[in-house]
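What follows is a short report on a single structure.
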Amino acid sequence: MEIEQLVTSLLSVVKNQNKILENQGKQLAEQGRMLEVLGKASLREVLADVDETIQYRQLSMMETMEELHKGKSVARWGDGEIRLMLQPEFELSFQKPNPELAFELKRILLSYDAIYKHTLLAFPTIFVSRLWMGIWAEVWHALQPILAQSKSTWANTHISRPLFFQKHGQDAVDAWRSLWDGKNVCVIAGKNSRFALLPELFDNVADIKLVESLPRNAFSEFSELKQRVLDTPKADIYLTALGPTGTTLSAFLSSPDGGNKHTIDVGHLASSYAAAFTGGEFPENVPLIKPDSK
Numbered sequence: 083m084e085i086e087q088l089v090t091s092l093l094s095v096v097k098n099q100n101k102i103l104e105n106q107g108k109q110l111a112e113q114g115r116m117l118e119v120l121g122k123a124s125l126r127e128v129l130a131d132v133d134e135t136i137q138y139r140q141l142s143m144m145e146t147m148e149e150l151h152k153g154k155s156v157a158r159w160g161d162g163e164i165r166l167m168l169q170p171e172f173e174l175s176f177q178k179p180n181p182e183l184a185f186e187l188k189r190i191l192l193s194y195d196a197i198y199k200h201t202l203l204a205f206p207t208i209f210v211s212r213l214w215m216g217i218w219a220e221v222w223h224a225l226q227p228i229l230a231q232s233k234s235t236w237a238n239t240h241i242s243r244p245l246f247f248q249k250h251g252q253d254a255v256d257a258w259r260s261l262w263d264g265k266n267v268c269v270i271a272g273k274n275s276r277f278a279l280l281p282e283l284f285d286n287v288a289d290i291k292l293v294e295s296l297p298r299n300a301f302s303e304f305s306e307l308k309q310r311v312l313d314t315p316k317a318d319i320y321l322t323a324l325g326p327t328g329t330t331l332s333a334f335l336s337s338p339d340g341g342n343k344h345t346i347d348v349g350h351l352a353s354s355y356a357a358a359f360t361g362g363e364f365p366e367n368v369p370l371i372k373p374d375s376k
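Our numbering puts the first residue of the sequence shown at 83, with every later residue one more than the last.
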């Protein structure tokens with residue numbers, strides 16, 4: 083009898099604790115929503131300026147793909163590229179701070195109007211999540227004057243993110259596959275990196291050649307990498323999946339110095355497809371180097 087009473091008492095305690103935790107969770111969620119609202123209010127002018135500088139002259143995801151089908155190249159900026167360019171102490175898990183990389187990323191942006199006829203520069207659709215509000219609060223004062231130097235239309239960096247596949251489904255897959263259908267493709271990616279040549283995306287190419295770079299700190303061999311790509315037999319289309327180094331490499335290969343190559347910065351394309359269609363991890367949660375390659 084005493085054991086039954088003890089069990090009943092313990093169950094009652096656990097039940098009460100669960101209620102307390104549930105209430106605390108609701109309170110934390112509400113506090114999070116309040117902080118987000120307050121953040122939006124305090125950043126209202128900044129967000130309006132971001133909207134005017136980027137989104138008012140930005141292509142949609144499908145419009146960006148249409149431009150790639152016309153032969154334009156693209157180099158993409160995400161939060162990593164933005165912060166590496168503007169914050170000297172910032173580093174990614176796969177790229178240490180590098181003044182030359184920061185300079186190159188800035189130089190490309192400042193030259194946008196001059197290269198727009200053959201190369202699009204892509205930025206994210208404007209977000210007001212806590213992550214992006216924090217980023218805009220930190221860097222917009224330094225980023226806005228750089229972006230304001232150009233008048234050309236921005237491409238949409240989400241063409242290679244899960245959002246594109248989630249929003250457009252099979253049409254997004256078809257937009258990518260038709261870009262390289264029957265063509266010779268050269269892929270530049272980190273050795274044993276998370277980029278995968280998924281058959282769902284790539285089984286319709288004529289041929290694929292792979293040029294490998296360092297999976298971490300690839301920019302440290304940027305000059306050598308450029309030469310390796312130039313020495314590779316010519317392809318119809320070049321795909322870079324190399325983080326910030328891929329951004330700078332795409333801009334170089336599509337330039338006259340790089341041979342005016344049709345170059346697409348595809349970034350997390352493969353893992354974004356997997357996240358949207360096969361239950362894969364979100365791109366940033368996929369191991370940088372394949373586990374069986376260590």
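Built from N, CA and C at the ideal position, the CB exists for glycine as well.
Under the three-state DSSP convention, the category residue i falls into
| i | result |
| --- | --- |
| K178 | coil |
| Q169 | coil |
| T207 | coil |
| L191 | helix |
| S94 | helix |
| L120 | For L120, the predicted structure reports a pLDDT of 42, less than 50, and the residue's modelled location is therefore unreliable. A value from the coordinates is still provided. In the structure shown, L120 sits in a helix (DSSP, three-state: H, G or I). |
| F364 | coil |
| S336 | coil |
| G272 | strand |
| A219 | helix |
| L321 | strand |
| F246 | helix |
| K291 | strand |
| V348 | coil |
| A111 | In this prediction, A111 scores a pLDDT of 49, lower than 50, which makes its location untrustworthy; the coordinate-derived value is nonetheless stated afterwards. Correct three-state label for A111: helix. |
For residue i, the nearest candidate out of the options (CA to CA)
| i | options | result |
| --- | --- | --- |
| P281 | R259, R298, A300, K291 | R259 |
| P170 | D161, E163, N180 | N180 |
| E145 | T135, I164, A204 | A204 |
| G160 | K152, L187, E134 | L187 |
| L129 | L168, W218, T201, M143 | W218 |
| M167 | L213, Q226, E148 | Q226 |
| F288 | C268, S305, Q252, F301 | The sequence given here has Ala at residue 288, not Phe. Ranking C268, S305, Q252, F301 by Cα distance to A288 puts C268 first. |
| L312 | S302, A278, L292 | L292 |
| G162 | T360, I371, H350, G361 | H350 |
| H240 | D195, S211, L296, M147 | M147 |
| W214 | K316, E303, V132, L229 | V132 |
| G82 | N286, F247, I270 | One cannot answer for residue 82 here, as it falls past the ends of the chain, which runs 83 to 376. |
| D366 | T360, L331, T330, G325 | Checking the sequence, you will find Glu at residue 366 rather than Asp. Nearest of T360, L331, T330, G325 to E366, Cα basis: G325. |
| K273 | S193, Q252, D253, L296 | L296 |
| A406 | A300, E86, F172, K372 | Nothing in the structure corresponds to residue 406, since the chain is present only between 83 and 376. |
| K316 | K265, R298, F364 | K265 |
| P206 | T235, D263, S193 | T235 |
| F301 | Q231, K178, S94, Q140 | K178 |
| L192 | T314, P369, I228, D263 | I228 |
| D263 | E303, F176, I290 | I290 |
| T135 | L307, K152, L174, I208 | I208 |
| I270 | F185, P244, F304, Q252 | F304 |
| E173 | L331, N299, S211 | N299 |
| E377 | S94, K97, H223, K152 | Because residue 377 is not part of the residues shown, which for the chain are 83 to 376, the question remains open. |
Chain-order list of residues whose beta-carbon lies under 6 angstroms from that of residue i (same chain, five-residue window excluded)
| i | result |
| --- | --- |
| Y138 | none |
| G328 | T322, D347 |
| G340 | F334 |
| I190 | A333 |
| A53 | The structure shown does not extend to residue 53, since the chain is modelled only from 83 through 376, so no value can be given for it. |
| F364 | A357 |
| E294 | K273 |
| V368 | R276, S353 |
Proximal residues to residue i (C-beta, below 7 angstroms), its chain only, five neighbours per side dropped
| i | result |
| --- | --- |
| L150 | V156, L261, I346 |
| L125 | M215, W218, A219 |
| Y194 | L203, S232, S234 |
| L370 | S175, F176, S275, R276, P297 |
Proximal residues to residue i (C-beta, below 8 angstroms), its chain only, five neighbours per side dropped
| i | result |
| --- | --- |
| S142 | N238 |
| S336 | S155, A157, I197, H200, T201, N342, K343, H344, T345 |
| I164 | I217, V221, L225 |
| S242 | R158, D347, V348, G349, H350, L351, S354 |
| Q140 | F205, T207, T235, W236, A237, N238 |
Residue(s) in a DSSP beta bridge with residue i
| i | result |
| --- | --- |
| R158 | A204 |
| N238 | F205 |
| Q140 | W236 |
| I51 | Residue 51 lies beyond the range of the chain shown here (83 to 376); nothing can be said about it. |
| V267 | I290, I319 |
Could you check whether the region 343-361 touches the region 307-322, counting it as contact only if at least three pairs of C-beta atoms, one from each stretch, sit closer than 8 angstroms? Segments in contact, yes.
With three or more C-beta pairs closer than 8 angstroms as the rule, is the region 351-365 touching the region 282-289? Yes: the two stretches touch, three or more of their Cβ pairs being nearer than 8 angstroms.
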